[in-house]
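Everything on this sheet refers to the single structure shown next.
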Ligand SMILES: [Zn+2]
Ligand SMILES: [Zn+2]
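So, in structure tokens, the structure goes:
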């Protein structure tokens, strides 16, 4: 294991275990140092035990680097691998077994921590057959949302990544997409021309979450009714313990999702777990389709799908109504027909 691989794996495990951002940042910084320091300098410093003299390398990160350079599995990592496991419960297992992909993921193109190719490598390791790259749209400036030019560049990049994946012999595809903001008037934060080019579109509310009920309902209905929208992202916008769910008429919203072929996302992020269970039950009753998505902003977070699976099992979401259990071609056929 190279020092770089060891540090990347530590970062992955810290992210999946919801470790503090402070701890993760130390390893991200160390990774940056390792990537920009000549190998012979690292070697001589590891031998002389002076790694910590480099700015950005502390005791824990130095130990991981030194272990890796000595050909030992880093002790810190061995411990972390064991303590950071994401448990898959018995009830979640059938969903986990059925899932073939993840339809909501961020990369360094917006506010994620890993480039597309590293997210894809992780998805392959998890056993996925595809992932949808859904970075933020331009309006979310705080998250470095992509304008149309950058999105066009990203589509080129995704094509290159797919070529590299195929050349490496993997049966895996990165599908194109975006998490498009639902603007205050219900319009989407992306032109129809660009929406047309994407394989899968997730639409989410990120602003004015406290909007009055009637207005919020209409705003969401507009987006759901768009022929380009395939998935309604984290519908209530709640942050557990921090922000209450938005107020909207869930009967109208879920009826519209069924009518217009828009899937309801079961967002797996531990601070979101959105929709709440009562709304999930309502969406099941309305006959909605679902996706179980991690909304991962780092590779380790792609392991959080079991959190959504637990909840899907709790409320009895039929597995055949979970879109990302479909093979990629069937998912694409669904998103294309839902757009008709
Ligand atoms: Zn979002
Ligand atoms: Zn997101």
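In the numbering used here, the protein residues as written are 816 to 1155. Note that CB positions come from ideal geometry on N, CA and C, so glycine has one too.
DSSP-derived helix/strand/coil call for residue i
| i | result |
| --- | --- |
| residue 1154 | Only weak support is given to the placement of residue 1154: the predicted model assigns it a pLDDT of 48, under 50, and the value that follows is read from those uncertain coordinates. Here residue 1154 sits in coil by DSSP. |
| residue 1080 | strand |
| residue 1012 | helix |
| residue 916 | strand |
| residue 844 | helix |
| residue 980 | helix |
| residue 1138 | helix |
| residue 1066 | helix |
| residue 1053 | coil |
| residue 1046 | strand |
| residue 1129 | helix |
| residue 1024 | coil |
| residue 890 | helix |
| residue 875 | helix |
| residue 907 | coil |
| residue 882 | helix |
| residue 1121 | helix |
| residue 1071 | helix |
| residue 834 | coil |
| residue 1004 | coil |
| residue 870 | coil |
Start-to-end residues for the alpha helix (DSSP H) that takes in residue i
| i | result |
| --- | --- |
| residue 823 | 818–831 |
| residue 1036 | 1028–1040 |
| residue 989 | First-last for residue 989: 988–996, but that is the beta strand (DSSP E), not the alpha helix (DSSP H). |
| residue 903 | No alpha helix (DSSP H) contains residue 903, which DSSP labels as neither H nor E. |
| residue 859 | 854–863 |
| residue 1098 | 1092–1100 |
Contact belief for residue i with residue j at Cβ below 8 Å, rounded distance in angstroms
| i | j | result |
| --- | --- | --- |
| residue 1007 | residue 1049 | Residue 1007 to residue 1049, Cβ: 24 Å. No contact. |
| residue 995 | residue 1016 | 6 Å |
| residue 1163 | residue 1028 | Not covered by the structure: residue 1163. The range shown for the chain is 816 to 1155. |
| residue 820 | residue 1128 | About 35 Å; that fails the 8 Å criterion. |
| residue 899 | residue 831 | 6 Å |
| residue 1051 | residue 1089 | 5 Å |
| residue 1130 | residue 1099 | 6 Å |
| residue 1071 | residue 1094 | Not really, about 14 Å apart at Cβ, beyond 8 Å. |
| residue 935 | residue 976 | 6 Å |
| residue 980 | residue 948 | So it is not a contact: roughly 13 Å between Cβ atoms. |
| residue 909 | residue 1107 | Contact doesn't hold; Cβ gap of about 12 Å is too wide. |
| residue 1150 | residue 1045 | 5 Å |
| residue 1031 | residue 963 | About 27 Å separates the two Cβ atoms, so there is no contact after all. |
Start and end residues, beta strand (DSSP E) containing residue i
| i | result |
| --- | --- |
| residue 1105 | 1105–1108 |
| residue 1117 | Segment: none, residue 1117 is in no beta strand (DSSP E) and carries neither H nor E. |
CB contact check: residue i to chain B, cutoff 8 Å
| i | result |
| --- | --- |
| residue 1125 | The structure shown contains no chain B; it holds only a single protein chain. |
Distance CB(residue i)-CB(residue j) smaller than 8 Å
| i | j | result |
| --- | --- | --- |
| residue 879 | residue 825 | yes |
| residue 1085 | residue 1122 | yes |
| residue 944 | residue 987 | yes |
| residue 1114 | residue 867 | no |
| residue 1001 | residue 1037 | yes |
| residue 1126 | residue 1092 | yes |
| residue 916 | residue 1112 | no |
| residue 941 | residue 1117 | yes |
| residue 1026 | residue 997 | no |
| residue 1079 | residue 1105 | yes |
| residue 857 | residue 823 | no |
| residue 919 | residue 1109 | yes |
| residue 817 | residue 829 | no |
| residue 921 | residue 950 | yes |
| residue 960 | residue 925 | yes |
| residue 848 | residue 872 | yes |
| residue 1014 | residue 914 | no |
| residue 865 | residue 841 | no |
| residue 1073 | residue 1101 | yes |
| residue 890 | residue 861 | no |
| residue 1012 | residue 955 | no |
**Report entry** Any residue whose CB is nearer than 5 Å to a heavy atom belonging to ligand 4, listed in chain order
**Finding:** For ligand 4, the structure offers nothing, since it holds only ligand 1 and ligand 2.
Every unbroken alpha helix (DSSP H) within the segment 926–977, with a cutoff of 4 residues, ordered by chain
931–941
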